[in-house]
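I have placed the structure first, in the form of structure tokens, so that the comments after it can refer back to it.
Protein chains: 2
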Amino acid sequence: MTDSTSQERFLQIGEAAERAQLTQRTLRYYEEKGLLAPPTRMEGGFRLYSPEDMERIERIRQLKELLGFSLAEIKEMLDAEDVRLQIRAGWRADADAAEKAEKLRRAREVTLHQIQLIDQKMAKMASMRDELAERIRKYDEWLLKHSEAAAANADAPQGEGTAAASS
Amino acid sequence: MTDSTSQERFLQIGEAAERAQLTQRTLRYYEEKGLLAPPTRMEGGFRLYSPEDMERIERIRQLKELLGFSLAEIKEMLDAEDVRLQIRAGWRADADAAEKAEKLRRAREVTLHQIQLIDQKMAKMASMRDELAERIRKYDEWLLKHSEAAAANADAPQGEGTAAASS
DNA sequence: TACCACATTGACGCGAACGTCAACGTTCAG
DNA sequence: CTGAACGTTGACGTTCGCGTCAATGTGGTA
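Protein sequences, first through last, are from chains A and B.
Every letter in the first sequence is one number past the one before it in our numbering, and letter 121, counting from 1, is 111.
Every letter in the second sequence is one number past the one before it in our numbering, and letter 15, counting from 1, is 5.
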């Protein structure tokens, strides 16, 4: 390691990949596909990922794993979203105000669409969860009925509640 | 159409695929991969899908699209689950009672695992939803700030609540 | 200055999940 | 009994999302 002084801000591809739980190949591939903007480099050419880059990478993972989008779809969304960065990075009253507003509306639309999709998925997942819980109940019924022996129950799914965990 | 008298019980591949929103190729592929048991056939060899088959097909879709499992994983789950059918279809006290119980426990375990996965996903999706809603708020802020003109708001995402819809 | 872990760019490979012919058989309405 | 619609089995093709070399360059430590 170059330095152990707590937190460094820029990561090279190795650590970046490790933290993001992806492979180096995958990161390069995302860059190649335009999902990630070419990150800054060291003189030698080594990639240096900024915290913003890391955020974006995490975003990609979420969109892919949670919502099941293809990389192409994700690219579109991120591109539309990028208006955010174009705003943060100073943008004065140089481009048409109308154009800005248009981009913002686009971004808003895309984001809203994602939310709606999440809602739909969550609804379906909830009802699927119910079905599964019902099945568990039936399994338990059968297991109790067909086994005279006594066995302590370990873990059963309760009615409502969500569990949160990172890694 | 062969018959328009309300509901037929068995569908051939064309209608089956249409109703399931899949292609015929996909159904055959699933069969080929062991995800679907070989359905009954007409004399000529045409596949006839029973309502149970259709249910199973729907199950596969859910596991794939909602939870993002691979077909191989889905096969495993369905195989484990199949104890359900083995029960429904008369099974007397011929096989070891112990063996039955073991299979049931397996099935229960698999199902429980699915539930846990759903819970995890839903938790993550909920937090992602929050982030997105926050972004929408910022977009609206900017849009209002940078546009003096008045514009009625159409649809904004509220705090909690899930929307349900089938097709 | 030498070393070694780490990185870079090609380029080819690969499994999953189907798409897409081609050649041929089946059903059924007319 | 004929024709159009529908289905069957191969078999090869395709896209996506990376994996896996190979040859070569970099960067910090000893």
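Note that beta-carbon positions come from the ideal geometry of N, C-alpha and C, so glycine has one too.
Output needed for residue i: all residues of its chain with C-beta closer than 8 Å, excluding positions within five of it in sequence on either side, in chain order.
i	result
E71 (chain B)	A97, V100 and T101
L12 (chain B)	I47 and R51
S40 (chain A)	R(-1), F0, P29 and T30
L65 (chain B)	Note on residue identity: the sequence assigns Lys, not Leu, to residue 65 (chain B). Cβ within range, chain order: K23, G24 and L25.
Q110 (chain A)	none
Ordered along the chain, which non-local residues of its own chain (more than five positions away) have a Cβ less than 6 Å from that of residue i?
i	result
D43 (chain A)	P29
K93 (chain B)	V73
L63 (chain B)	It should be noted that the sequence gives Glu, not Leu, for residue 63 (chain B). None.
A116 (chain A)	none
L133 (chain B)	none
A10 (chain A)	I47
L53 (chain A)	F59 and I64
S156 (chain B)	Any reading at S156 (chain B) needs caution, since the residue's pLDDT is 33, under 50, leaving its predicted position unreliable; the model's value is listed next. Cβ within range, chain order: n/a, list empty.
D86 (chain B)	none
Helix, strand or coil for residue i per DSSP?
i	result
R51 (chain B)	helix
T30 (chain B)	strand
L12 (chain A)	coil
R119 (chain B)	helix
G149 (chain B)	Any reading at G149 (chain B) needs caution, since the residue's pLDDT is 48, under 50, leaving its predicted position unreliable; the model's value is listed next. G149 (chain B): coil per DSSP, three-state reduction.
L57 (chain A)	coil
R37 (chain A)	strand
L1 (chain A)	strand
K65 (chain A)	helix
K128 (chain A)	helix
H158 (chain B)	No answer is possible for residue 158 (chain B): it lies beyond the span of chain B, which begins at -9 and ends at 157.
L25 (chain A)	coil
D109 (chain B)	helix
D43 (chain A)	helix
In chain A, which residues lie less than 9 Å from residue i when you measure between Cβ atoms?
i	result
Q104 (chain B)	M118, R119 and L122
So with CB distances below 9 Å, who are the chain B contacts of residue i?
i	result
A97 (chain A)	R125 and Y129
I64 (chain A)	Those within 9 Å of I64 (chain A) in chain B number zero; the least Cβ separation is about 14 Å.
Along chain A, in chain order, which residues have C-beta atoms closer than 7 Å to that of residue i?
i	result
L68 (chain B)	Per Cβ cutoff of 7 Å: no residues; L68 (chain B) is ~13 Å from chain A at best.
A87 (chain B)	H136
K114 (chain B)	L56
L94 (chain B)	Y129, W132 and L133
For residue i, which residues in chain B fall below 8 Å Cβ to Cβ?
i	result
G58 (chain A)	E55 and G58
T101 (chain A)	L122, R125, I126 and Y129
In its own chain, which residues sit with a C-beta less than 7 Å from the C-beta of residue i, not counting the 5 before and 5 after it?
i	result
M32 (chain B)	L38
Q2 (chain A)	F36, R37 and L38
D130 (chain B)	none
G4 (chain B)	Q14
A6 (chain A)	L17, Y39 and M44
Which residues in chain B sit within 7 Å of residue i, going by Cβ to Cβ distance?
i	result
Q52 (chain A)	M118
T16 (chain A)	Within 7 Å Cβ-Cβ: nothing; T16 (chain A) doesn't reach chain B, min ~17 Å.
I108 (chain A)	M115, M118 and R119
So with CB distances below 8 Å, who are the chain A contacts of residue i?
i	result
L25 (chain B)	Here the premise fails: no neighbours, minimum Cβ distance about 18 Å.
Round the Cβ separation of residue i and residue j to the nearest angstrom and send it over; I've been treating them as touching at under 8 Å.
i	j	result
R49 (chain A)	I108 (chain B)	R49 (chain A) to I108 (chain B), Cβ: 22 Å. No contact.
G58 (chain A)	E55 (chain B)	7 Å
K90 (chain B)	H103 (chain A)	Wrong, their Cβ atoms sit about 48 Å apart, outside the cutoff.
Would you say residue i touches the ligand SAM, meaning its beta carbon is less than 7 Å from a heavy atom?
i	result
F59 (chain B)	As far as ligands go, the structure on display features none, and thus does not contain the ligand SAM.
Touching by the beta-carbon criterion (3+ pairs, under 8 Å), the stretch 119 to 132 of chain B and the stretch 61 to 69 of chain B: Three or more Cβ pairs closer than 8 Å define a contact, and the stretch 119 to 132 of chain B falls short of that threshold against the stretch 61 to 69 of chain B.
At least 3 beta-carbon pairs within less than 8 Å: the stretch 15 to 29 of chain B vs the stretch 18 to 26 of chain A: Output reads no: the stretch 18 to 26 of chain A does not touch the stretch 15 to 29 of chain B.
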